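Written below as structure tokens is the structure these notes are about.
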Amino acid sequence: MTWYGRCIFLSWYCDIGTCKFCYRSTQKNRIKNAQNARRSRESIVVETLLARELKWRIEFLTGGYRIYSFEEIKAFCKLVSDIYGEKIWINLGVLNNQEIEELRPYIIGVVASIECVNENLHRMVCPDKEIKPYIEMLKGLHDLKKSITLVIGLGNENKEDVWDFVDNLGLDRITFYALKPVKDTTYTSGPSTEEYVTWIKDCRIRFPNLEIIAGITLRRVHEVDLLLKAGANAITKFPITKVFGSDKAKEFVERALKCGPFESELVKLPKINWEQKINELNITKELKEKTKILLNSYLKKMG
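Using numbering that gives the first Met the number 0, the first residue of the sequence shown is number 0, and each one after it goes up by one.
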């Protein structure tokens, strides 16, 4: 069974903002007040509810680094976990042991945005985001799953170094992304389909039991079946709320079904009493009303 993984973003801002491939590095200086880049609570509720009802698995809860207090982060983790009905993965920067323990009731695992394991390349690409604190965080996890993100196309990344990294930290999952060139960054091209698929294939051969997630953009939808056949368990990053029911979404599903059962709904909205679903949530009346208004806006766009 394969699926679509949906990342839920808490904001569009990052306090670091210097990673040379990242969209947020082009936005930091344009955002005068970081608080304005926070997403509303109702938008988080809407996307979590959609994920639950349309069988999108939550890839992870993430957001701009250092924009929220820890208490706010904890509240969001609880909110999303409660609505989704399961513990969730989080990708929220470097957390200390005490913070992780406080989040434990709501999380199944922790993701470290490593991006690349080659230390020289990492220093060049992410000069203000050291690898070591992430490694120490992963090493300190007990009875929680561990994952990293890797971006293919950043530079000279040695596969054996990556495999050693996985072995040494006992990772349970990797989320791969094919670099998407962003205007005003130093990168002008991403990896070829062959290069990206080969990374997935070689990773699966080396780690038969590792959960492998592959990220695609709209321009890479033709890779869905290739990535799944190569060994990916699921596909993420595809901007489904923008293209639900579109030809791209239909192609995604058709290609996924070539590889076996696919559990997520990307094309047709099921008949659901959405108002009742919202009324059943354990949230304030005010938040319910805001959620109903915003959800209607989403549903109109989706179909």
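Note that the Cβ used here is the ideal one computed from N, Cα and C, for glycine as well.
Small disclaimer: the values here were computed from a predicted structure and weren't measured.
Residues of the same chain with a CB within less than 7 Å of the CB of S80, apart from the 5 flanking positions on each side, are K86, I87, Y105 in chain order.
Inter-segment contact for the segment 197-212 and the segment 264-274 is absent: fewer than three beta-carbon pairs are separated by less than 8 Å. Counting along the chain, the unbroken beta strand (DSSP E) around A177 starts and ends at 172-177. Per the C-alpha coordinates, the member of C6, C18, N295, G4 positioned closest to I113 is C18. If you check the CB distance, I151 and Y195 come in under 8 Å. The continuous beta strand (DSSP E) containing I57 extends over residues 56-61. For D183, the closest alpha carbon among the candidates C21, I199, S191 is that of C21.
Counting only runs of 3 or more residues that sit fully inside the segment 94-142, the beta strand (DSSP E) segments are 106-114, in chain order. Three or more Cβ pairs drawn from the segment 256-263 and the segment 41-56 lie within less than 8 Å of each other, which places the two stretches in contact. Cβ atoms of I234 and I215 come within 8 Å of each other, at about 6 Å.
Taking M0 as reference, the option from A231, S39, R172 with the minimal CA-CA separation is A231. With a cutoff of 8 Å on beta-carbon distance, A177 and I147 are scored as not near each other.
The beta-bridge partner set that DSSP reports for S10 consists of R37. Here DSSP, grouped into helix, strand and coil, assigns F243 to coil. The beta carbons of R254 and A229 sit no closer together than 8 Å. With respect to the 8 Å criterion, K291 and I282 are not classified as neighbours on the basis of their beta carbons. One alpha carbon belongs to N157, the other to C76, and they sit about 35 Å apart.
Secondary structure at F237: coil, using DSSP grouped into helix, strand and coil. Uninterrupted beta strand (DSSP E) stretches at least 3 residues long and entirely within the segment 180-237 occur at 210-214, 233-235, given in chain order. The criterion of a C-beta distance shorter than 8 Å is satisfied by V93 and Y133. Here L140 is near I99, since their CB atoms are less than 8 Å apart.
For T290, the uninterrupted alpha helix (DSSP H) segment begins and ends at 284-301. In this structure, the straight-line span from the alpha carbon of F175 to that of L137 is close to 18 Å. In the three-state reduction of the DSSP assignment, L91 falls in the coil class, being assigned neither a helical nor a strand state.
Checking the DSSP bridge columns, you'll see W2 partnered with A233. For K73, the CB contacts under 7 Å within the same chain, skipping 5 residues up- and downstream, are E101, L102 in chain order.
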